[in-house]
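In full-length UniProt numbering, the protein residues as written are 1 to 511. The structure appears right after this line, and notes come after that.
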Ligand SMILES: NC(=O)c1ncn([C@@H]2O[C@H](COP(=O)(O)O)[C@@H](O)[C@H]2O)c1NC=O
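Quick look at the structure:
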């Protein structure tokens, strides 16, 4: 007779499994609560203490941690000495282990969880059994996921045993499972003790979606999400309509979301192409904000990803329905807007709270051979601390425009220049290898709209050449961090043309 050890916190489907195992000639050994449930159902079951000769103790902290259990899991069936030791110590071999763990993740997801509660929900005996069984997958079958009950039962029915391939697959799955479980515990306690960059980084993610391909069709890809969502994100968004998001969609949507979260007091619309904003508009209504974002660059918005910080109403949807767009992201859609937009087969509609929440606290970037982690580019911007470095100071309206463009430039790939007024970008120069080149792209895009516009630069001007070019096209005010050896040359150039310039003393590189 074969022996199965069953010890589960989540008891869903366990009686059906036990019934089937008994029919397949297994004897069942089980721990406290699991045993009770099985016995109550009138099924034969051996209590763990009958095997160990030891009571479950210390509030369940010690139940299965015993040589009579782990010997039965770890003994190599093909090793004479192991088998002799097993016989000498009266250890019964265990062939199948079914364990699911104390709900640590659910416990720490509760708001205001007490540390003591979290600690009691760290399972010790369960992972130990899973690991012992998984190490010995040559002979032992191990299940940590109810989704695997059926495949194991089917194989047992067919071959009276599981296949080696299945045991190996389940063992790998178990080690991923216990590693992820430990990563959550490590992460939680690391936060409790407040270590920002621990000597070992143990992250865990769950696969959310297999993607058709990556950045290009010949690249494979998958989308993984955090086990515990810390904020509304593209990973947690409800997709109301449209085909699956692609790899590039997810990145662009994330970029659009990060920018639109900058704005709360006015209606805001952000249009993104290839991770950079091609138009950002603010206004009193979402339709007016959309028109500003659209008119910023009516060419580039084609095939774009748009984020809104207010409900999309019918008036706005009517414009949107006439365009080719990839994704809309909004906190909600009016019923009429949704009815109209869902007629567009390929348009993806995402809904998630957009409430000005700060971005995740840290960002990760993979590099060959490693991972870089930094705190997010979040600075409490205080315009009253900006230094006016020129003879003329910006007017109140120019200052509002500088504040708006400064919020946008932070999200543009460096070298970044953006120009516009207090409600609209009209030219974006992104990702250039020199600053004056970025400015020229922004000016060309803006055309005549450079006249009287303001300019934001994500980093200081190493030379006065950008200001010289800005003066030629009628830029009237500039915001930049300052800090160049040649700051004075830039200030002199601005003064020469009567341009107002402020230094923020904060740089916003984005690579
Ligand atoms: N301490 C032990 O020896 C031990 N052995 C198994 N467990 C866990 O106890 C749970 C099942 O308990 P019960 O059958 O009493 O409801 C399972 O989640 C299992 O992973 C243990 N609990 C925690 O570590």
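Cβ atoms here follow ideal geometry from the backbone N, Cα and C, with glycine treated the same way. These figures come from a predicted structure and were not determined experimentally.
1. For residue 80 and residue 21, I'd like the C-alpha separation in whole angstroms.
2. Say whether the segment 233–241 touches the segment 341–355, bearing in mind that this needs 3 or more beta-carbon pairs closer than 8 Å, one atom from each stretch.
3. Determine the closest residue to residue 438 out of 455, 424, 449, with distance taken between C-alpha atoms.
4. Report yes or no: do the segment 294–310 and the segment 325–345 share at least 3 C-beta pairs separated by less than 8 Å?
5. Report yes if the C-beta distance between residue 332 and residue 311 is below 8 Å; otherwise report no.
6. From residue 124 to residue 104, what does the alpha carbon distance come to, in whole angstroms?
7. Between which two residues does the alpha helix (DSSP H) harbouring residue 145 extend?
8. For residue 364, count the other beta carbons within 10 Å of its own beta carbon; 16 or more makes it buried, fewer makes it exposed. Which is it?
9. Rounded to whole angstroms, how far is the Cβ of residue 137 from the Cβ of residue 171, which I believe are closer than 8 Å?
10. Sort out for me which residues DSSP pairs residue 76 with in a bridge.
11. Express the C-alpha separation of residue 248 and residue 275 in angstroms, rounding to a whole number.
12. Have a look at the DSSP bridge pairing and note the partners of residue 501.
13. Taking 7 Å as the line, does the beta carbon of residue 102 fall inside it for any heavy atom of ligand 1?
14. Roughly how many angstroms separate the alpha carbons of residue 512 and residue 283, rounded to a whole number?
15. Any idea what DSSP makes of residue 370, helix, strand or coil?
16. Using a Cβ-based criterion (distance less than 7 Å to any ligand heavy atom), does residue 184 qualify as near ligand 1?
17. Do residue 526 and residue 163 have their C-beta atoms closer together than 8 Å?
18. Cα-Cα, which of 347, 31, 499 is closest to residue 60?
19. If you check the beta carbons only, do residue 432 and residue 281 fall under 8 Å apart?
20. So what's residue 319 in DSSP terms, helix, strand or just coil?
21. Could you compute how far the alpha carbon of residue 144 sits from the alpha carbon of residue 99?
22. If you compare alpha carbons, which of 323, 357, 313, 91 is closest to residue 339?
23. List, from N- to C-terminal side, the beta strand (DSSP E) runs of 3 residues or more that fit wholly inside the segment 373–456.
24. Can you name the residues that DSSP bridges to residue 365?
25. Please find out if some non-hydrogen atom of ligand 1 comes closer than 7 Å to the beta-carbon of residue 132.
26. Could you give the C-beta distance for residue 377 and residue 508, rounded to a whole number, given that I count them as a contact under 8 Å?
27. Distance check for residue 368 and residue 425, CA to CA, integer angstroms please.
28. State the start and end residues of the unbroken beta strand (DSSP E) segment that holds residue 241.
29. At which residue ranges does the UniProt domain "MGS-like" (1–144) contain complete alpha helix (DSSP H) runs of 4 or more residues, listed in the order of the chain?
30. Whose C-beta lies closer than 6 Å to the C-beta of residue 241 among residues of the same chain, with five residues either side of it excluded?
31. Ligand 3 and residue 61: does the residue's C-beta get closer than 7 Å to at least one heavy atom of that ligand?
32. Whose C-alpha, out of 262, 479, 409, is nearest the C-alpha of residue 387?
33. Could you name the residues of the same chain whose beta carbon sits closer than 6 Å to that of residue 315, not counting the 5 residues immediately before and after it, in chain order?
34. At the level of alpha carbons, what is the spacing between residue 266 and residue 389?
35. Distance check for residue 78 and residue 28, CA to CA, integer angstroms please.
36. For the beta strand (DSSP E) that contains residue 330, what are its first and last residues?
Taking the coordinates as given:
1. Numbered from its first residue, the chain shown carries residue 80 at position 80. Numbered from its first residue, the chain shown carries residue 21 at position 21. About 29 Å.
2. yes
3. Residue numbering aside, residue 438 sits at position 438 when the chain shown is read from its first letter. The option with the nearest alpha carbon to residue 438 is 455.
4. yes
5. Your numbering for residue 332 matches position 332 in the chain shown. Your numbering for residue 311 matches position 311 in the chain shown. Yes; because the gap between Cβ atoms is below 8 Å, this pair is in contact.
6. Position 124 of the chain shown holds residue 124. Position 104 of the chain shown holds residue 104. One C-alpha to the other measures close to 11 Å.
7. Numbered from 1 along the chain shown, position 145 holds the residue referred to as residue 145. Counting along the chain, residue 145 falls outside any alpha helix (DSSP H), and DSSP gives it neither H nor E.
8. Numbered from its first residue, the chain shown carries residue 364 at position 364. Per the 10 Å Cβ criterion, exposed.
9. Translated into the one-based positions of the chain shown, residue 137 becomes position 137. Translated into the one-based positions of the chain shown, residue 171 becomes position 171. Confirmed, Cβ separation roughly 4 Å.
10. As a working note, residue 76 is residue 76 in the chain shown. Partner(s): none; residue 76 has no beta bridge.
11. As a position in the chain shown, residue 275 is number 275, starting the count at 1. As a position in the chain shown, residue 248 is number 248, starting the count at 1. Going by the C-alpha atoms only, they are around 9 Å apart.
12. On the chain shown, residue 501 is found 501 positions in, with the first residue counted as 1. The partner list for residue 501 (beta bridge, DSSP) reads 478.
13. Walking along the chain shown from the start, residue 102 turns up at place 102. Flag set: Cβ of residue 102 near ligand 1.
14. Shown here, the chain extends from 1 to 511; a query on residue 512 therefore has no answer.
15. Within the chain shown, the letter at position 370 stands for residue 370. Of the three classes helix, strand and coil, the one that applies to residue 370 here is strand, per DSSP.
16. As a working note, residue 184 is residue 184 in the chain shown. Not so, every heavy atom of ligand 1 lies at least 7 Å from the Cβ.
17. In the structure as shown, the chain starts at 1 and stops at 511, and residue 526 therefore has no counterpart that could be examined.
18. Within the chain shown, the letter at position 60 stands for residue 60. The option with the nearest alpha carbon to residue 60 is 31.
19. In the chain shown, counting from the first residue as 1, residue 432 sits at position 432. In the chain shown, counting from the first residue as 1, residue 281 sits at position 281. It is not a contact, given that the beta carbons lie outside the stated cut-off.
20. Stepping through the chain shown from its first residue, residue 319 is reached at position 319. DSSP places residue 319 in helix when its eight states are reduced to three.
21. If you number the chain shown from 1, residue 144 lands on position 144. If you number the chain shown from 1, residue 99 lands on position 99. Going from the Cα of residue 144 to the Cα of residue 99 covers about 5 Å.
22. Here the question's residue 339 lines up with position 339 in the chain shown. It is 313 whose Cα lies nearest to the Cα of residue 339.
23. 417–420, 425–429
24. Here residue 365 is taken as the residue at index 365 of the chain shown, counted from 1. BP columns for residue 365 point to 372.
25. Start at 1 with the first residue of the chain shown, and residue 132 comes out as number 132. Residue 132 Cβ: outside cutoff for every heavy atom of ligand 1.
26. Residue 377 sits at position 377 when you count from the first residue of the chain shown. Residue 508 sits at position 508 when you count from the first residue of the chain shown. With 8 Å as the limit, residue 377 and residue 508 qualify as a contact, their Cβ atoms being about 6 Å apart.
27. Residue mapping note: residue 425 aligns to position 425 of the chain shown, counting from 1. Residue mapping note: residue 368 aligns to position 368 of the chain shown, counting from 1. Cα to Cα, the separation comes out at about 36 Å.
28. Taking the first residue of the chain shown as position 1, residue 241 is located at position 241. It spans 238–241 - the beta strand (DSSP E) in which residue 241 sits, taken as one unbroken run.
29. 14–23, 32–40, 48–52, 67–74, 80–88, 104–109, 115–120, 125–135
30. Numbered from its first residue, the chain shown carries residue 241 at position 241. Once the five neighbours on either side are set aside, the close Cβ partners of residue 241 are 342, 349.
31. Among the ligands in the structure shown, ligand 3 does not appear; only ligand 1 can be found there.
32. Residue mapping note: residue 387 aligns to position 387 of the chain shown, counting from 1. The option with the nearest alpha carbon to residue 387 is 479.
33. Along the chain shown, one-based indexing puts residue 315 at 315. Cβ neighbours of residue 315 beyond the five flanking positions: 287.
34. Translated into the one-based positions of the chain shown, residue 266 becomes position 266. Translated into the one-based positions of the chain shown, residue 389 becomes position 389. One C-alpha to the other measures close to 29 Å.
35. The residue given as residue 28 occupies position 28 in the chain shown. The residue given as residue 78 occupies position 78 in the chain shown. Near 24 Å, if we compare the C-alpha coordinates of residue 78 and residue 28.
36. Here residue 330 refers to the residue found at position 330 when the chain shown is read from its first residue. Start and end: 325–330.
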